[in-house]
Amino acid sequence: MLSALEKIIRSCDVFYDLLTGLDKVGHITDLPVERRGGIDMPEQEGGMSVACYDVRFSYGGERSEVLSGLNLGIASGEKASLVGASGAGKTTLAWLLCGIYEPSHGTVELGGFDLRDVSLPSFRRRVGLVGDANEVFEGTIEDNITLGRPYVSHQDVRWALDIAQFSKDLVNMPSGLSTMLVSGGRNLSRGQVQRLLIARALAGRPDLLILDEAFTGIDEATKLKIVEAIFAPENSWTIFDISHDAEVVMRSSRVYVLSAGKIVESGTPADLSWRNVAEFSTLFPDLAAQIRSVERRKTDRSAKV
Numbered sequence: 511m512l513s514a515l516e517k518i519i520r521s522c523d524v525f526y527d528l529l530t531g532l533d534k535v536g537h538i539t540d541l542p543v544e545r546r547g548g549i550d551m552p553e554q555e556g557g558m559s560v561a562c563y564d565v566r567f568s569y570g571g572e573r574s575e576v577l578s579g580l581n582l583g584i585a586s587g588e589k590a591s592l593v594g595a596s597g598a599g600k601t602t603l604a605w606l607l608c609g610i611y612e613p614s615h616g617t618v619e620l621g622g623f624d625l626r627d628v629s630l631p632s633f634r635r636r637v638g639l640v641g642d643a644n645e646v647f648e649g650t651i652e653d654n655i656t657l658g659r660p661y662v663s664h665q666d667v668r669w670a671l672d673i674a675q676f677s678k679d680l681v682n683m684p685s686g687l688s689t690m691l692v693s694g695g696r697n698l699s700r701g702q703v704q705r706l707l708i709a710r711a712l713a714g715r716p717d718l719l720i721l722d723e724a725f726t727g728i729d730e731a732t733k734l735k736i737v738e739a740i741f742a743p744e745n746s747w748t749i750f751d752i753s754h755d756a757e758v759v760m761r762s763s764r765v766y767v768l769s770a771g772k773i774v775e776s777g778t779p780a781d782l783s784w785r786n787v788a789e790f791s792t793l794f795p796d797l798a799a800q801i802r803s804v805e806r807r808k809t810d811r812s813a814k815v
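In this text, residue positions in the sequence shown follow the numbering used here: the first is 511, and each later residue adds one.
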């Protein structure tokens with residue numbers, strides 16, 4: 511009798527595991543099918559322009575809008591930063607620019623094309639994203655960088671690893687680029703995982719590079735080398751950076767402040783940090799102070815020269 515009950519209990523565990531698995535599969539099958547077709551987006555010489563016109567967006571089932579009438583313009587090849595409080599919609603905007611989401615109202619134009627009119631595969635070939643949606647999967651280091659993209663060559667991989675300061679790590683790995691990684695990159699450090707994800711985004715040589723807190727977990731000295739390489743003038747890509755890191759924001763030609771679903775302020779990092787009445791200085795006093803400190807050091811170095 512007890513043996514029979516034990517078998518029933520064990521069967522219940524398996525049954526509940528099955529129900530849980532089916533529920534997860536249901537979440538995937540319930541997702542809307544991504545649209546197909548559209549105009550093939552050509553390579554953008556000198557980077558990809560970004561324009562948002564009265565963009566609104568809310569997640570399914572929620573009445574409140576995450577983005578409400580957002581307007582934004584970034585020129586080809588411009589390096590821009592977006593700052594905003596937690597939950598302001600920064601990552602949502604990044605995903606809209608990647609075509610992962612579509613706005614409920616308004617228009618997103620990239621490279622002069624309405625995103626609704628272009629072929630998503632051809633568009634995504636032109637965009638590189640480093641963000642929370644990225645992860646390391648079980649496979650070789652090279653597989654994790656190429657993602658099966660036939661247009662990413664071995665030279666592209668090596669070039670991207672150099673910029674991401676990962677080439678030196680390969681020296682200590684048993685099989686170099688063929689080193690196997692476990693799911694989630696658990697056999698790498700946090701900083702190594704992040705640098706690998708940066709290399710993945712760069713390997714496709716994108717026209718638009720979106721950096722969503724891209725340098726989290728990377729030590730300061732290494733981070734500065736990567737930032738300097740990414741922002742180097744010879745790289746013509748447009749950069750859309752999302753961070754509150756003064757060293758990154760300072761390298762942007764323009765900073766946009768996102769609040770209540772809208773861009774409420776924009777300007778150069780120095781202008782915004784020195785304006786006492788600026789929304790930027792009010793929302794991010796520590797960041798503004800750090801930028802002012804960096805500006806002072808630059809001025810002092812120039813005076814000595």
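Cβ coordinates follow ideal geometry from the N, Cα and C atoms, glycine included. All figures in this text were calculated on a predicted structure; none of them were measured in a lab.
Query                                                                                                        : Result
Euclidean distance between Cα positions of S776 and S591                                                     : 10 angstroms
Cβ neighbours of G609 in the same chain (closer than 7 angstroms, five flanking residues each side left out) : L625, L630, F633 and R634
The region 559-568 touching the region 606-622, judged by at least three CB pairs closer than 8 angstroms    : yes
Presumed contact (8 angstroms Cβ cut-off) between P716 and W747, rounded CB distance                         : 6 angstroms
Start-to-end residues for the alpha helix (DSSP H) that takes in E789                                        : E789 to L793
Bridge partner(s) assigned by DSSP for G638                                                                  : L719
Nearest-angstrom Cα separation, counted from A756 out to T732                                                : 15 angstroms
C-beta atoms of F725 and S693 nearer than 7 angstroms                                                        : no
Length of the line joining the Cα atoms of H537 and A799                                                     : Note that H537 scores 49 on pLDDT, short of 50, meaning its location in the model is unreliable; the coordinates nonetheless yield the value given after this. Looking at the two C-alpha atoms, the distance is approximately 45 angstroms.
CA nearest to the CA of Y766, picked from N745, S791 and E744                                                : S791
V637 versus G714 - alpha carbon distance                                                                     : 8 angstroms
Three CB pairs or more closer than 8 angstroms across the region 737-744 and the region 548-563              : no
Top-ranked residue by Cα proximity to G771, from R546, M551, H754 and C562                                   : C562
Length of the line joining the Cα atoms of I651 and D642                                                     : 19 angstroms
Boundaries of the beta strand (DSSP E) in which G695 is found, first to last residue                         : Where G695 is concerned, there is no enclosing beta strand (DSSP E), given that its DSSP letter is neither H nor E.
Of the listed residues S677, G727 and M683, nearest to R700 (C-alpha basis)                                  : G727
Bridge-paired residues (DSSP) for L620                                                                       : V560 and F623
In DSSP terms, what D751 is bridged to                                                                       : S591 and L721
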